[in-house]
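Peer 1:
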Amino acid sequence: TGPTGSGKTTTLYACLNVINKPDKKIITVEDPVEYELPGINQVMVKTDIGMTFAAALRAMLRQAPNIIMIGEIRDAETANIAINAALTGHLVLSTLHTNDAPSAVARLADIGIKRFLIASAVRAVLAQRLVRKLCPVCKAPHVLTDKEARSLRFDPTRGDISQVMGPVGCDKCRRNGFRGRIGIFETFQIDDEVRHMINENLTSSQLRRRARELGMRTLRDDGIRKVLAGLTSPDEVIHVTMSDFE
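The sequence shown maps to residues 6 to 251 in the working numbering.
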């Protein structure tokens, strides 16, 4: 899950590359096909001729795939087919647009999927954002401002705060201090306790709070780890995870 441009499709392709084996039949439904993957049957949605996500999925399931990748779950029909495919033994990978991982449960319920089906079919939800990577050539130690420390909830006495880096700018990065991007991630694993909470109609905020108690690392938490590793700047993490600070 994540907004447009957060790298969801790239992550899906990376997952497919890892699990793509000769004994696995993988079929994708995409709009559009962004990269060609060897050994994988990729189908492009063409709504003008009736080849919607749902229509393509129905045709795909008749080919008995082991693994299905759906570019995006946009409507109830597609969601129902995807859920039923997962319940009948297929590994299904797809994307949604939500602010965080636990909110995917509410999104699927809003589309029209019954909560007991969500609890039974979904194994995990990954939320992600992209932050700019600091230029490795010119990055320099950065002293946190009071605002940054409050936003990131940093303890000013912690020792690893000295590892925080900031952008400078050089010829290698065209003077902007950043080169490339890196993902920050939040993984919401659906275990027996979470399934029980989903069936009890807990709200997204309640699910999120309980997931954190069970050890879920939030987008902000992962962003802070990458700040402390000198990979990105505090401002980048604050910018892309503002809802996490509210």
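Backbone N, C-alpha and C fix where the C-beta goes; we use that ideal spot for every residue, glycine too.
Computed from a predicted model, the values in this text were never measured in an experiment.
By DSSP, does residue 239 sit in helix, in strand, or in coil?
Peer 2: Secondary structure of residue 239 (DSSP, three-state): helix.
Peer 1: Measure the CB-CB distance between residue 172 and residue 143 and report whether it falls below 9 Å.
Peer 2: yes
Peer 1: Identify the continuous beta strand (DSSP E) that holds residue 334 and give its terminal residues.
Peer 2: Because the chain in this structure spans residues 6 to 251, residue 334 falls outside the shown range and cannot be described.
Peer 1: Since residue 3 contacts residue 136 with CB under 8 Å, what's their CB separation in whole angstroms?
Peer 2: Residue numbering for the chain in the displayed model covers 6 to 251; residue 3 lies beyond these limits and cannot be assessed.
Peer 1: With a threshold of 7 Å on Cβ separation, who are the neighbours of residue 86 within its own chain once the five nearest residues in sequence on each side are excluded?
Peer 2: 59, 62, 63
Peer 1: Can you tell me whether residue 183 is helix, strand or coil according to DSSP?
Peer 2: strand
Peer 1: Around the Cβ of residue 179, are there at least 16 other Cβ atoms within 10 angstroms (buried) or fewer (exposed)?
Peer 2: exposed
Peer 1: If we ignore side chains and look at the alpha-carbon of each, how far apart do residue 200 and residue 234 end up?
Peer 2: One C-alpha to the other measures close to 34 Å.
Peer 1: Could you tell me the alpha carbon to alpha carbon distance between residue 152 and residue 229, rounded to whole angstroms?
Peer 2: Looking at the backbone, the Cα of residue 152 and that of residue 229 are separated by about 15 Å.
Peer 1: Taking 9 Å as the cut-off, decide whether the C-beta atoms of residue 29 and residue 46 are in contact.
Peer 2: The beta carbons of residue 29 and residue 46 sit no closer together than 9 Å.
Peer 1: Taking 7 Å as the limit between beta carbons, can you name the residues of its chain near residue 91, skipping five residues before and five after?
Peer 2: Result list for residue 91: 97, 126, in chain order.
Peer 1: Compute the Euclidean distance between the alpha carbons of residue 156 and residue 147, then round it to the nearest angstrom.
Peer 2: 16 Å
Peer 1: Closest to residue 8 by CA distance: which of 95, 68, 101 is it?
Peer 2: 101
Peer 1: Note down, in chain order, each residue of its chain lying with its Cβ closer than 7 Å to the Cβ of residue 70, except the 5 sequence neighbours on either side.
Peer 2: 30, 31, 32, 95
Peer 1: So what's residue 169 in DSSP terms, helix, strand or just coil?
Peer 2: coil
Peer 1: Can you give me the C-alpha to C-alpha distance between residue 196 and residue 203, rounded to a whole angstrom?
Peer 2: Put simply, the backbone Cα of residue 196 is about 10 Å away from that of residue 203.
Peer 1: Note down, one range per segment and in chain order, each beta strand (DSSP E) of at least 3 residues found wholly within the region 69-132.
Peer 2: 72-75, 96-99
Peer 1: Express the C-alpha separation of residue 211 and residue 194 in angstroms, rounding to a whole number.
Peer 2: 15 Å
Peer 1: Closer than 8 Å by C-beta to residue 167: which residues in its own chain qualify, once you throw out the five before and the five after it? Chain order, please.
Peer 2: Annotation for residue 167: 146 place their beta carbon closer than 8 Å to its own, counting only its chain and skipping 5 residues before and after.
Peer 1: Would DSSP call residue 206 helix, strand or coil?
Peer 2: coil
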